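To start, the structure itself, in structure tokens.
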Amino acid sequence: MQTGAEAFRKGGGIGLLVALILAAGCQSLRLPRSTTMDGSDWPTGGGSAERRHATEHRIPAPLEQTWDYDAQAGFGTSAAALLSETVLVATRQGEVHAIDLASGDDRGSDEFGEAVESAPAVDRRRLYVPVAWEEDPLVAHDLRTGRSHWEVEDAAPVPGSPLLVQDRVVVAHERGALAAYEARTGRCQWRDAPDSAVTVRTSPVRSASRVLVADVAGRLRAISAKTGERRWTRRLGAPVYETPAAYDDLFFVPTTRGRLLALDARSGRTRWQFRVDSAAAPVRLTSPAIDDSLVVVAGSDGTVRGLHPATGAVRWTFDAHEAVAAPPLLTPEHVFVGTMGAMLFAVDRETGEQVWSHETEGRVRSMMPAGEGRLVVMTEPHEVRLFTSEEAGED
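Residues in the sequence shown are numbered from 54 upward in steps of one, following this note's numbering.
Below, the structure written as structure tokens:
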């Protein structure tokens, strides 16, 4: 017969074993002190406050897949950021995963809510996480300690990526309010509420001193980044579900009705408009990729278009054969395009001619962060893949 002491020891041993198993299954999002935190190739959704989906780094084709990582849940259309040698990936399960960029190894993860639709914003050691289905929709997380520094409580969800403007974090809440929070404390600095009930699915975007937010009804509001005062409003007459981009003094706004508008950032007036003529269903355009000499936009019709940034004139087109939902990525030599047909293409940025392709084994719906010679691609159902330039491997 088992004695009471033996039963106690046995029960304690089982309890300790269970505790160890649970502890082994828990991770925190905390990076080692040796991790460099003073630089980022892709610190937020779209790669910058202008959401340009462009990089100055070369990624010469052809590429080869270096590693893949299972994130255990799917992604939104703008789901990753890069901090030095770490990929930070948000999932619709509410987690943010840290992945070693060189090896693909898991460096930790943490849960922030029911779903994180868009990329966090990174500022040195601090991560600002937007939560899309929770009453605490914005969390400031310290990557050194692995603890939350502050949270915005009892507010509408935040579906898009935060915007870092000096010492403030600007977010667009799902119900339309645009708010700026002090980066250090989380205190609200200003808030602009919509004039009527709206729904926002996009991230705020900045051009100089103005921040733009677009709602699903196609209404735009430009706000002073410093004071929160409204500068202008505009109704497009077409829904906006994908995040606009900015370059120089223009906002570039895509719609679900096949229009891309270039708007003066100071006045909201149209500089030029590009329209897709389609006898079939309206073409839903992606967020554009932009630099000083090219605007690239793709759409649900499977066509990728290179436009002149000053006029909107078509310079070239490329047929991707399947719908494109993810924003293209613009590099000094190529345009990278991922499709809903599970293909990844590299296109010559000057001519629009295909120079490389790869079957990804899953649909590409999310933006593609990039660094020197490296491209991060997220594919359905929940894989993160790193592609590296074969040219870089020869050096």
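All C-beta atoms, glycine included, are put in the ideal place defined by N, C-alpha and C. As the structure is a prediction and not an experimental result, all values here were calculated from the model.
Check your understanding: Does the segment 265-273 touch the segment 235-242, meaning 3 or more C-beta pairs lie closer than 8 Å?
Key -> Not touching, per the Cβ criterion.
Review point. Going straight from the alpha carbon of residue 245 to that of residue 278, what length do you get?
Key: Counted from its first residue, the sequence shown places residue 245 at position 192. Counted from its first residue, the sequence shown places residue 278 at position 225. Taking the straight line joining both Cα atoms gives about 11 Å.
Review point. Which residue or residues does DSSP assign as beta-bridge partners of residue 159?
Key: Stepping through the sequence shown from its first residue, residue 159 is reached at position 106. Looking at the DSSP assignment, residue 159 forms a beta bridge with 152.
**Study point:** Nearest to residue 291 (by Cα), restricted to the options 258, 316, 337
**Key:** Numbered from its first residue, the sequence shown carries residue 291 at position 238. Of the candidates 258, 316, 337, the one whose C-alpha sits nearest the C-alpha of residue 291 is 337.
Practice item. Going by CA-CA distance only, name the one from 131, 203, 442, 316 that's closest to residue 100. Key: Locating residue 100 in the sequence shown gives position 47, where the first residue counts as 1. The residue with the shortest Cα to Cα distance from residue 100 is 131.
Exercise for review: Report the residue from 190, 384, 352 whose alpha carbon sits nearest the alpha carbon of residue 423.
Suggested key: Within the sequence shown, numbered from 1, the residue matching residue 423 stands at position 370. That would be 384, whose Cα lies nearest to the Cα of residue 423.
Exercise for review: Can you say whether residue 462 is buried or exposed, counting buried as having 16 or more other CB atoms within 10 angstroms of its CB?
Suggested key: It is not possible to answer for residue 462, since the shown part of the chain is limited to 54 through 448.
**Study point:** Candidates 327, 321, 398: closest to residue 413 by CA position
**Key:** In the sequence shown, counting from the first residue as 1, residue 413 sits at position 360. The candidate whose alpha carbon is nearest that of residue 413 is 398.
Review point. Under three-state DSSP, which class holds residue 359?
Key: Sequence index remark: in the sequence shown, residue 359 carries index 306 (1-based). The three-state reading of DSSP puts residue 359 in strand, counting E and B together.
Review point. Is the beta carbon of residue 347 less than 8 Å from the beta carbon of residue 402?
Key: On the sequence shown, residue 347 is found 294 positions in, with the first residue counted as 1. On the sequence shown, residue 402 is found 349 positions in, with the first residue counted as 1. Contact: yes.
Exercise for review: Check each candidate in 322, 392, 409 and name the one with the smallest Cα separation from residue 421.
Suggested key: The residue labelled residue 421 in the question sits at position 368 within the sequence shown. Per the Cα distances, 392.
Exercise for review: Reducing DSSP to helix, strand and coil, say where residue 229 ends up.
Suggested key: Residue 229 sits at position 176 when you count from the first residue of the sequence shown. Here residue 229 sits in coil by DSSP.
**Study point:** Three-state secondary structure assigned by DSSP to residue 206
**Key:** Numbered from 1 along the sequence shown, position 153 holds the residue referred to as residue 206. DSSP, read as helix, strand or coil, puts residue 206 in coil.
Review point. Between the C-alpha atoms of residue 366 and residue 167, what's the straight-line distance to the nearest angstrom?
Key: Along the sequence shown, read from residue 1 onward, the residue named residue 366 stands at position 313. Along the sequence shown, read from residue 1 onward, the residue named residue 167 stands at position 114. Going by the C-alpha atoms only, they are around 43 Å apart.
Practice item. Just mark residue 123 as buried or exposed, buried being the case when its beta carbon has 16 or more other beta carbons within 10 Å. Key: Indexing the sequence shown from 1 puts residue 123 at position 70. When all chains shown are included, residue 123 counts as exposed.
Exercise for review: Please report how far the alpha carbon of residue 115 lies from the alpha carbon of residue 233, in whole angstroms.
Suggested key: For the purposes of this step, residue 115 is identified with residue 62 of the sequence shown, where counting begins at 1. For the purposes of this step, residue 233 is identified with residue 180 of the sequence shown, where counting begins at 1. Answer to the nearest angstrom: the Cα atoms are 42 Å apart.
Practice item. Locate the beta strand (DSSP E) running through residue 432, then write down its first and last residues. Key: The residue given as residue 432 occupies position 379 in the sequence shown. Annotation for residue 432: the continuous beta strand (DSSP E) segment containing it runs 427-432.
Check your understanding: beta strand (DSSP E) containing residue 285: first to last residue?
Key -> Here the question's residue 285 lines up with position 232 in the sequence shown. 283-288 is the span of the beta strand (DSSP E), which, as asked, contains residue 285.
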